[in-house]
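> My questions all concern the structure below.
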Amino acid sequence: MNMTAQQKRLERLKREAGFTLVELMVVIVIIGLLATVVVVNIMPAQDTARIKKAEADIALLEQAAEMHRLSKLDYPTTAEGLEGLVAGGFVKRLPEDPWGNAYVYAAPGRDGRAFDIYSMGADGRDGGEGEDADIGNWKG
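Numbering (my numbering), first residue to last: 431 to 570.
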């Protein structure tokens with residue numbers, strides 16, 4: 431009888447070990463809900479961070495263009511572009527915008543500005559709204 435009681439106890443322990451399918455499904459659903467909440471809250475912050483990075487890069491390039499003017503008495507021409515800032519030693523390298531495109535330089539700029547430096551946004555085309563909007567030295 432001792433042997434039988436031990437065997438019954440062993441069988442009961444084997445049955446109780448591990449997780450049931452229902453328990454696993456509940457855990458998976460909870461993890462999915464938590465992941466959804468995190469993604470929904472993180473994505474807008476990523477868009478804002480990209481815009482802020484573009485604005486910071488443009489400010490840096492704008493300062494380099496001003497240094498070029500102080501050193502050479504004129505801004506780089508459109509033909510020289512931003513590469514003229516690298517060639518003159520005013521920046522070490524040209525950054526890409528947060529969407530992997532090159533920043534655009536035009537001299538003279540629109541609306542009477544001496545020059546424009548801008549990113550065409552996520553779509554890489556002129557104009558747009560939201561994340562696709564152009565970000566330039568005329569804003570801010």
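Glycine included, C-beta positions come from ideal geometry on N, C-alpha and C.
Mind checking Phe449: buried by the 16 CB within 10 Å criterion, or exposed?
Within the sequence shown, numbered from 1, the residue matching residue 449 stands at position 19. Exposed, by the Cβ-count rule.
> On the DSSP letters alone, give me the boundaries of the beta strand (DSSP E) that Ala536 sits inside.
Locating residue 536 in the sequence shown gives position 106, where the first residue counts as 1. Residues Val534 to Ala536.
> Do Trp529 and Ser549 have their beta-carbon atoms positioned less than 9 Å apart in this structure?
As a first step, residue 549 is located in the sequence shown; it is residue number 119 there, counting from the start. As a first step, residue 529 is located in the sequence shown; it is residue number 99 there, counting from the start. The answer is yes: Cβ separation under 9 Å.
> Please classify Glu526: does DSSP put it in a helix, a strand, or coil?
For the purposes of this step, residue 526 is identified with residue 96 of the sequence shown, where counting begins at 1. Strand.
> Kindly list the residues whose CB is nearer than 6 Å to the CB of Lys483, restricted to its own chain and excluding five residues on each side of it in sequence; keep chain order.
Position 53 of the sequence shown holds residue 483. Correct list, in chain order: Pro528.
> Could you give the DSSP three-state label for Gly514: helix, strand or coil?
In the sequence shown, residue 514 corresponds to position 84, counting from 1. Three-state DSSP puts Gly514 in a helix.
> Apart from the five residues on each side of it in sequence, which residues of its chain come closer than 6 Å, Cβ to Cβ, to Ala532?
Position 102 of the sequence shown, counting from 1, holds the residue named residue 532. Same-chain partners within the cutoff: there are none.
> Looking at Asp556: is its Cβ nearer than 9 Å to the Cβ of Asp564?
Walking along the sequence shown from the start, residue 556 turns up at place 126. Walking along the sequence shown from the start, residue 564 turns up at place 134. Contact: yes.
> Please state the DSSP three-state secondary structure of Asp564.
On the sequence shown, position 134 is the one that residue 564 refers to. Asp564 falls in the coil class under three-state DSSP.
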